[in-house]
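*Asks:* Could you have a look at this structure, given as structure tokens, before my questions?
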Amino acid sequence: MKHWLGMVAVWIAAPAFAAPLPFVLKQVGPGVYAAIDGPEHKAGSNAGFVIGDDGVLVVDAFFNVDAARALVGEIHRLTPKPIRFLVNTHYHADHTGGDQALRDAGAVIIAHKNVRGWVRTNNINLFGDRITPELKSRLEALPLPDLTTNTDLTVWLGARKVVVQTVLGHTGGDLTIAVPDAKVLFTGDMLWRKIAPNLIDGSVNEWMATDAALAAMPDAARITYVPGHGDLADQSDVEDFIVYLRDLRRLVSEGRISGLRDEALAQSVVPKLKALHPDWTISDRAAAAEVRYMDQELAGTKRRPVPVPD
Ligand SMILES: [Zn+2]
């Protein structure tokens, strides 16, 4: 009888009854987890968390609030410790869209200084003609960060050290989050693994320099890099991403020199870029946008978000 009751308890608690998670949780170190967006992109981006002595620090909150709530659920399943901090790697809605779920769970929201001025306004640009009134009002109501910085920060979870660093390249307000004792680096969108990156706010030149430094960190060969998009990465993936950006810049530059512009430039560059990186996911829409933004950067006409005074 006792055994049977035990079986019932296990049966009730079995995850078969829960909706499938919109991400795959992967342990990358002691108490360090990456939440990798599934193939259907229901979460919108990757996230993760660090369980310290006296609390939890979460990195990014997906695009979907439901996915962020599911992440909170997974954290509560793994530890009774409180969720103390959320660090947003940058302002883009695919990383901040679920912030309210983390705030509701008790987190103080940490972000780069510029995120506060951009998160409710510039995110609208990300969606272009796909914006709807519902999405616009959701973006305009995103939580503002509580604690902003334009310099490196160390966050202590008891004795556990988490290093938040400012980096250049993706938006003008980017942070990476390192867990030195686990050799894990959450890169945000400074790294995309085998997926064409979004250059809308980026500087490819700055981005490549930052990633060269990430690939050359002490102990880089033993670091697990958690990218903003794509599966868990290692040093060779960071190098592969730099090669991708370098190829994009070279191909766009060569096309420009031979007089190609706009549609003709994209038609020349995109097949070559895909041929050089056959194992990458490069949608035609993403590729055309990359060529356009790279062209603007080389022409000196690229518009990047402008910091808003506090
Ligand atoms: Zn992203």
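Under the numbering used here, the first residue of the sequence shown is numbered 661, with each subsequent residue one higher. For every residue, glycine included, the Cβ atom is placed at its ideal position computed from N, Cα and C. Note that the structure is predicted; figures quoted are calculated from it, not measured.
(1) For Thr-836, write down the residues that DSSP places opposite it in a beta bridge.
(2) Count the other C-beta atoms from every protein chain shown that fall within 10 angstroms of the C-beta of Trp-816, then say buried if there are 16 or more, exposed otherwise.
(3) Alpha carbon to alpha carbon, what distance is there between His-830 and Ser-705?
(4) At what residue ranges does the segment 899 to 951 contain a whole run of the alpha helix (DSSP H), taking only runs of 4 or more?
(5) Distance check for Met-954 and Asp-944, CA to CA, integer angstroms please.
(6) Which residues have a Cβ closer than 6 angstroms to any heavy atom of ligand 1, listed in chain order?
(7) Where do the N-terminal and C-terminal ends of the alpha helix (DSSP H) with Val-732 fall, by residue?
(8) Entirely within the segment 769 to 799 and at least 4 residues each: give me those alpha helix (DSSP H) ranges in chain order.
(9) Would you give the residue range spanned by the alpha helix (DSSP H) that Arg-763 belongs to?
(10) Under three-state DSSP, which class holds Asp-812?
(11) Examine ligand 3 and report whether any of its heavy atoms sits within less than 7 angstroms of the Cβ of Gly-777.
(12) Between Glu-950, Ile-696 and Asp-726, which lies nearest to Asp-759 when the distance is taken from Cα to Cα?
(13) Is it right to say Ile-917 is buried, meaning 16 or more other beta carbons lie within 10 angstroms of its own, or is it exposed?
(14) From Val-824 to Arg-744, what distance separates their C-alpha atoms?
(15) Is it true that the CB of Ala-707 sits closer than 8 angstroms to the CB of Pro-682?
(16) Hey, quick one: how far does the beta strand (DSSP E) through Thr-847 stretch, first residue to last?
(17) Let me check understanding here. Comparing Cα to Cα, which of Val-930, Val-903 and Leu-685 lies closest to Gly-915?
(18) Using 10 angstroms around the beta-carbon of Gly-960, count the other beta-carbons present and answer buried if the total reaches 16, otherwise exposed.
(19) Helix, strand or coil for Asp-897, going by three-state DSSP, please let me know.
(20) From the DSSP output, read off the bridge partner residues of Arg-744.
(21) Give me the Cα-Cα distance between Asp-834 and Asn-774, rounded to the nearest whole angstrom.
(22) Rounding to the nearest angstrom, what Cα-Cα distance links Ala-819 and Ala-767 in this structure?
(23) Do the segment 885 to 895 and the segment 846 to 861 touch if we need at least three Cβ pairs shorter than 8 angstroms?
(24) Tell me, which residues are paired with Ala-695 by DSSP?
(25) Thinking C-alpha only, which one of Leu-936, Asp-922 and Leu-813 is nearest Gln-956?
(26) Assign Asp-897 to one of two classes, buried (16 or more other C-beta atoms within 10 Å of its C-beta) or exposed (fewer than that).
(27) Flag this pair as yes or no: are the beta carbons of Asp-714 and Lys-741 separated by less than 8 angstroms?
(28) So the candidates are Gly-777, Glu-800, Lys-843 and Glu-734; which of them puts its Cα closest to the Cα of Leu-972?
*Replies:* In short:
(1) Gln-825
(2) exposed
(3) 15 angstroms
(4) 922 to 936
(5) 15 angstroms
(6) Ser-705, His-752, Asp-754, His-755, Asp-849, Gly-888 and His-889
(7) 725 to 738
(8) 775 to 778 and 783 to 787
(9) 759 to 764
(10) coil
(11) Among the ligands present in this structure, namely ligand 1, ligand 3 is not found.
(12) Asp-726
(13) exposed
(14) 15 angstroms
(15) no
(16) 844 to 852
(17) Val-930
(18) exposed
(19) helix
(20) According to DSSP, Arg-744 bridges with nothing at all.
(21) 9 angstroms
(22) 19 angstroms
(23) yes
(24) Leu-685 and Ala-707
(25) Asp-922
(26) buried
(27) yes
(28) With the chain running from 661 to 970 in the structure shown, residue 972 is simply not present.
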